[in-house]
Amino acid sequence: MIAFILGRQPEIGLAELQAVYKKEPRLIASNVALLDISSQTALASSKRLGAIVKIIQVVNKKFTVSKSNLTTLCRQLFNNVDGKITLGVSYYDPRASKRSAISLGQELQSILKGLGHSTRLLPTNNAVLGAATILHNGLSGQNPKKIELNFIKTSDQASLCVGRTIYIQDIDAYTFRDRRRPRRDARNGMLPPKLAQTMINLAVHASKSGQIQEANLLDPFCGTGVVLQEAALMGMDVFGTDLNPDMVNNTKININWLNRMLHLDVTPNLAIGDATTFDWKSWASPDKINLIATETYLGRAYTTPPAADELKYNITACNIIIDKFLANISKQLPSGCGLCIGVPVWFVRDHIHHLPCTNQLDSHRFINQTDGANLIYHRPDQIVGRELLVLQKR
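Each number in our numbering comes from the position in the sequence shown (counting from 1) with 22 added on.
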């Protein structure tokens, strides 16, 4: 049994888990999901999970804290371990504090001392250890002497789920691929590599084949190439177009940089083109595009809530462009093609404003694969968020 710590938008994390592992996860806390899979299966796809913060191998699904139970747990994990143990403790409970995690860690340290083990307990500033602490102390591997234990309060509040960390998102690698790229464009918004990974996974799941192998992925609004970068790292052939010649050139520069930095040999297929009129079918031939992942035009960026008339004008402008894009690309895609399309959604005065065309996807021969769920990537301080449309071409 494997537990997954979900990111800021748990709905997106749940959708990604189902997309990658082909099983429906069970939510046991607000940001924790369980899947009945092996650790090998979980780790095989771990590096392409954008919306999953941590992967935990469960050792006890119904644990209550007592000295007796903690002693049994220590014996179970450390009986055959020689040498000094490095131990980290994370306590997932809305009511838990830094003090809760420290107290639990100190009790474990005391029990281990009684069992003859020398233990270094890692300090923490919160109830949950930071990713940097876990990574830099080697707590996410298979070393039995370096362990992070996670105590998760389940939704029924009757017990804890306990497990050891077997994977933590590599924040350094994401930061490198995001902020070290030579071409970035803050004015037009920047798609995080994590979100790009998730969108690609959702598109694969939406496709009829559901397979990542032999995928030819197109980003019709390629911008600076974040989606193409992440798709290439998954082993896909990548195609990108953009209306702005500077963006196409930026993508080329960024992919060349990625090749140098990571010793890859990615050759993107790039062209300048308007997504509302471009003929991808002729351009990409004989390579058949069978996957789409893209962030479309997001409209005007706002730092303060716009007036009603301004918002209405912006929504209308975005809707026209995106509806024309959907009509154009639908005619060129094979049946069963999977798509994940990021479109703008606006949070203004306690109301969420969606694009009107998202209610008319059937008219463009798209099947909505989200079962009515709104998959929205949004920070509390943002006015413009991203709604992920997960579609399959009829």
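From the three backbone atoms N, C-alpha and C, an ideal C-beta is built for every residue, glycine too.
In the DSSP secondary-structure assignment, G110 is bridged to E170. Shortest Cα-Cα distance from H375 to any of G407, L411 and F100 involves G407. Per the C-alpha coordinates, the member of D115, W305, P166 and D58 positioned closest to G105 is P166. Look at Y43 here: in three-state DSSP terms it is helix. It is roughly 7 Å from the alpha-carbon of Q164 to the alpha-carbon of I188. Judged by their CB atoms, K415 and C359 are nearer to each other than the 9 Å cut-off.
For L126, the enclosing alpha helix (DSSP H) has its first and last residue at K120 to G136.
Taken in chain order, the complete alpha helix (DSSP H) segments of 4 or more residues contained in the stretch 310 to 381 are 330 to 352. For E252, the enclosing alpha helix (DSSP H) covers residues V248 to L255. Looking at the DSSP output, E409 shares a beta bridge with V365 and I398. Annotation for R201: the continuous alpha helix (DSSP H) segment containing it runs I193 to R201.
Approximately 5 Å separates the beta-carbon atoms of I294 and V270; this is inside 8 Å, confirming the contact. Remark: C-beta atoms of L144 and Q128 do not approach each other more closely than 9 Å. Here F300 carries a coil assignment [DSSP, helix/strand/coil]. A residue is called buried once 16 or more other Cβ atoms fall within 10 Å of its Cβ, and T299, having fewer, is exposed. Bounds of the beta strand (DSSP E) holding A293 are N291 to I294.
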